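Data first, discussion second: the structure below is written as structure tokens.
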Amino acid sequence: MPPLHFPNGLAVCADGTLVLLESFTPRLAAVRPSGLEVLADLPGTVPDGVAVDSEGEFVVSCYYPYHLYRVPPEGGTPELVLDDATGTQFPMPTNVCFFGDDLATLAVASLGGHALSAVELGVRGQTLFCP
Numbered sequence: 520m521p522p523l524h525f526p527n528g529l530a531v532c533a534d535g536t537l538v539l540l541e542s543f544t545p546r547l548a549a550v551r552p553s554g555l556e557v558l559a560d561l562p563g564t565v566p567d568g569v570a571v572d573s574e575g576e577f578v579v580s581c582y583y584p585y586h587l588y589r590v591p592p593e594g595g596t597p598e599l600v601l602d603d604a605t606g607t608q609f610p611m612p613t614n615v616c617f618f619g620d621d622l623a624t625l626a627v628a629s630l631g632g633h634a635l636s637a638v639e640l641g642v643r644g645q646t647l648f649c650p
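Each residue of the sequence shown is one higher than the one before, starting from 520 at the first, in our numbering.
Structural data, given as structure tokens:
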């Protein structure tokens, strides 16, 4: 596997596939036996956290700019789902995860302001993978 450029957020898909973010080569990639498979490029961002929703899509938080994206399960163009241009709700978002009885709420940890916020995106989180 080639060197990684600040590997960061990790998540495990329902099938056991490990996905990771690279913050300095802003992209989301799946770890395969053959190496990394790039699922999405995130130019102009510093991605930090990733969670998998019940539809198999990836929710990616970006430390900068203060964005949340969804990436299709098979990869492709990220869809911007939250833009906090002023950093008042999610300043410097880092890790993300779904929580609650129905996994309908996304927790967003933020380095700026030392905050932990919650948002509902209209999707549920993936049930955690346990081999």
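Each residue gets a CB set at the ideal place from its N, CA and C atoms; glycine is no exception.
The structure presented is a predicted model; accordingly, all values stated were derived computationally and were not measured.
Drop a sphere of 10 angstroms on the beta-carbon of LEU625, count the other beta-carbons inside from all chains shown, and report buried for 16 or more, exposed for fewer. Under this definition LEU625 is a buried residue.
Out of THR544, GLU556, LEU601 and SER573, which one is the CA nearest neighbour of LEU537? Ranked by Cα distance from LEU537, the first of THR544, GLU556, LEU601 and SER573 is GLU556.
Within 10 angstroms of its Cβ, does SER629 collect 16 or more other Cβ (buried), or is it exposed? With 16 or more Cβ atoms within 10 Å of its Cβ, SER629 is classed as buried.
Rounding to the nearest angstrom, what Cα-Cα distance links GLY575 and MET611 in this structure? Roughly 25 Å between the two C-alpha positions.
Contacts around ALA559, its chain only, beta-carbon distance under 6 Å, and the 5 residues preceding and following it disregarded: So the list reads LEU547, VAL590, GLY594 and PRO597, once near-sequence residues are dropped.
Any beta-carbon of chain D closer than 8 Å to the one on ASN614? Note that chain D does not occur in the displayed structure, where there is just one protein chain.
Proximal residues to ALA533 (C-beta, below 8 Å), its chain only, five neighbours per side dropped: VAL571, GLY575, GLN645, THR646 and PHE648, listed in sequence order.
Looking at the structure shown, is HIS524 part of a helix, part of a strand, or coil, going by DSSP? Under the three-state reduction of DSSP output, HIS524 falls in the coil class, being neither helix nor strand.
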